[in-house]
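Enquirer: In full-length UniProt numbering, the protein residues as written are 1 to 314.
Just so you know, even glycine gets a beta-carbon here, dropped at the ideal spot from N, CA and C.
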């Protein structure tokens with residue numbers, strides 16, 4: 001329990017350090033989303049750079065999350081910040097060379113390998129400790145946003161773009177333009193005519209006082225729906241939709257009638273085919289059986305008298 005409380009306290013300290021100048025931006029790229037740290041280097045990095053550091057191995061970089069992991073006192077002791085770490089690793093950084101952009105994945109990996117694995121720009125033992133080349137340049141490659149307090153903004157006032165009149169000169173001009181312009185569109189506006197209804201009798205014999213009533217279309221000359229040009233296309237569109245729906249319904253009715261006719265025709269065809277099959281199977285064989293054809297012997301006997309007559313004709 002005590003360990004967890006100490007870890008939560010260390011996390012709070014780390015989050016406070018991440019908001020300090022120099023730690024708001026990743027130590028190895030231009031990203032301003034700093035949620036991870038390399039506690040053996042003492043740097044605050046983004047999630048992409050933390051993945052590259054993790055791939056190098058724990059003998060090069062030891063990575064932890066500022067919010068997800070637990071932090072011990074020994075690990076907290078190594079967190080010195082980006083400015084102090086860069087003063088060692090970027091001590092001999094050449095002029096014109098700066099850390100890569102947050103969207104340059106290839107440049108980010110090469111930069112981290114040259115900075116931490118090869119240590120090309122690290123401070124040599126014979127060099128005195130101090131600020132690195134990037135810190136001496138004032139972080140020109142990736143300047144951090146200035147911290148402006150509420151009191152300073154009130155004292156100095158808002159920034160005024162060049163070439164534009166100030167607010168103090170614009171305000172009298174706007175007031176003069178607004179209040180000196182005559183209200184011409186409303187001078188010739190027709191006055192509403194009031195209609196007075198006849199007094200009516202109420203219970204008790206009292207007379208109802210006449211109350212002026214104005215038509216809603218007379219006040220300010222309100223336009224009726226028929227006179228509004230914007231509503232006319234919508235009405236025509238509704239009519240066209242209504243006509244289209246009626247046409248679709250008529251076509252559906254026609255299709256249903258045709259479908260019913262086709263069903264009736266199909267039923268008639270099926271009945272005819274069934275009757276034909278019945279005739280072929282039952283009626284025609286019976287008729288064929290009833291038809292008795294003469295045998296060849298009978299034909300021979302039927303032809304015998306004629307042939308005999310021809311043979312013995314005198």
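1) Could you say if the stretch 39-46 and the stretch 76-92 meet the contact criterion of at least three C-beta pairs nearer than 8 Å?
2) By DSSP, does residue 64 sit in helix, in strand, or in coil?
3) Among residues of its own chain, excluding the 5 on either side of residue 23, which ones have a beta-carbon nearer than 7 Å to its beta-carbon?
4) Measuring CB atoms only, is the stretch 83-102 touching the stretch 117-128, in the sense that at least three cross pairs come out at less than 8 Å?
5) How should residue 74 be labelled, buried or exposed, when 16 other C-beta atoms within 10 angstroms of its C-beta is the threshold for buried?
6) State buried or exposed for residue 102, treating a residue as buried only when at least 16 other CB atoms are found within 10 Å of its CB.
7) Which of helix, strand or coil does DSSP assign to residue 45?
8) Rounded to a whole number of angstroms, what is the C-alpha to C-alpha distance between residue 68 and residue 36?
9) Helix, strand or coil for residue 73? Go by DSSP, reduced to three states.
10) Once DSSP output is grouped into helix, strand and coil, what is the label at residue 36?
11) Pick from 11, 105 and 57: whose alpha carbon is nearest that of residue 322?
12) Going straight from the alpha carbon of residue 63 to that of residue 38, what length do you get?
13) Where do the ends of the alpha helix (DSSP H) carrying residue 124 lie?
14) What are the boundary residues of the alpha helix (DSSP H) that residue 99 is part of?
15) So what's residue 93 in DSSP terms, helix, strand or just coil?
16) Going straight from the alpha carbon of residue 248 to that of residue 272, what length do you get?
17) Given residue 111, which residues of its chain have a CB within under 7 Å of its CB, disregarding the five upstream and five downstream residues?
18) How is residue 247 classed by DSSP in three states: helix, strand or coil?
Expert: The short version:
1) yes
2) strand
3) 17, 34, 44, 81 and 82
4) yes
5) exposed
6) buried
7) strand
8) 9 Å
9) helix
10) strand
11) Nothing about residue 322 can be reported from this structure: the residues present for the chain run from 1 to 314 only.
12) 5 Å
13) Note, residue 124: premise wrong, no alpha helix (DSSP H); not H, not E.
14) Unbroken run through residue 99: none, as it is neither H nor E.
15) coil
16) 36 Å
17) 28, 99 and 100
18) helix
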